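Beneath this line is the structure, given in structure tokens, with notes to follow.
Numbering (our numbering), first residue to last: 42 to 202.
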């Protein structure tokens with residue numbers, strides 16, 4: 042069976058940004074059907090500030106910064122496009138997956154802003170799906186492509202934090 046995808050790409054099996062979006066939407070939907078109270082309450086202005094700072098910090102500090110660095114080095118944030126080098130500067134010095142970490146943190150931030158327990162409870166599921174269907178295939182591809190250099194990077198930098 043022929044595919045249009047180049048052979049030099051990771052076999053990522055999900056569209057990564059859809060995973061946190063679906064997590065948030067599922068949390069909102071399930072919360073309307075079966076609301077639960079975890080006993081965590083923040084006053085309305087505070088929850089928007091706390092959740093907003095988490096989400097905005099993740100978006101700007103991990104997501105946007107990562108994209109800018111990738112593009113500056115001639116790489117793309119698209120997991121289905123070939124990569125030509127291991128990027129280990131900026132947020133990639135701290136986590137091998139800053140954009141996936143950003144997605145998980147945005148789920149947490151939105152969950153806090155909405156005080157939606159379901160979003161908070163589904164966020165680990167979001168992280169697992171990203172891990173299983175995006176991160177592991179990407180890492181296997183990078184190990185095949187870069188060998189010892191990528192293994193050394195994996196020893197220096199943690200997957201999440």
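For glycine and all other residues, C-beta sits at the position ideal for the given N, C-alpha and C. From a predicted model like this one, the values you see are computed outputs, not experimental measurements.
When we look at the beta-carbon of residue i and count the other beta-carbons within 10 Å, is it buried (16 or more) or exposed?
i: residue 126; result: exposed
i: residue 137; result: buried
i: residue 159; result: buried
i: residue 139; result: buried
i: residue 92; result: buried
i: residue 119; result: exposed
i: residue 99; result: buried
Could you check the C-alpha separation between residue i and residue j for me, to the nearest Å?
i: residue 181; j: residue 85; result: 44 Å
i: residue 56; j: residue 175; result: 8 Å
i: residue 46; j: residue 196; result: For residue 46, the predicted structure reports a pLDDT of 49, less than 50, and the residue's modelled location is therefore unreliable. The matter cannot be settled from this model.
i: residue 131; j: residue 106; result: 8 Å
i: residue 66; j: residue 172; result: 20 Å
i: residue 177; j: residue 168; result: 12 Å
i: residue 89; j: residue 161; result: 15 Å
i: residue 78; j: residue 129; result: 42 Å
i: residue 110; j: residue 124; result: 13 Å
i: residue 188; j: residue 74; result: 49 Å
i: residue 179; j: residue 166; result: 19 Å
i: residue 155; j: residue 185; result: 42 Å
i: residue 44; j: residue 102; result: Its pLDDT being 49, under 50, residue 44 is placed unreliably in this model, and the value from its coordinates should be taken loosely. Computed Cα separation, rounded: 36 Å.
i: residue 170; j: residue 135; result: 21 Å
i: residue 192; j: residue 97; result: 32 Å
To which residues does DSSP link residue i through a beta bridge?
i: residue 200; result: The partner list for residue 200 (beta bridge, DSSP) is empty, contrary to what the question assumes.
i: residue 136; result: 199
Below 7 Å CB to CB, which residues in the same chain sit around residue i once its five sequence neighbours on both sides are set aside?
i: residue 190; result: 127
i: residue 95; result: 146, 149, 150 and 153
i: residue 164; result: 64, 145, 148, 149 and 152
i: residue 59; result: none
i: residue 157; result: 68, 69 and 72
Got a sec? Which residues, its chain only, sit under 6 Å from residue i by beta carbon, not counting five neighbours each side?
i: residue 71; result: 159
i: residue 104; result: 140 and 143
i: residue 108; result: 118
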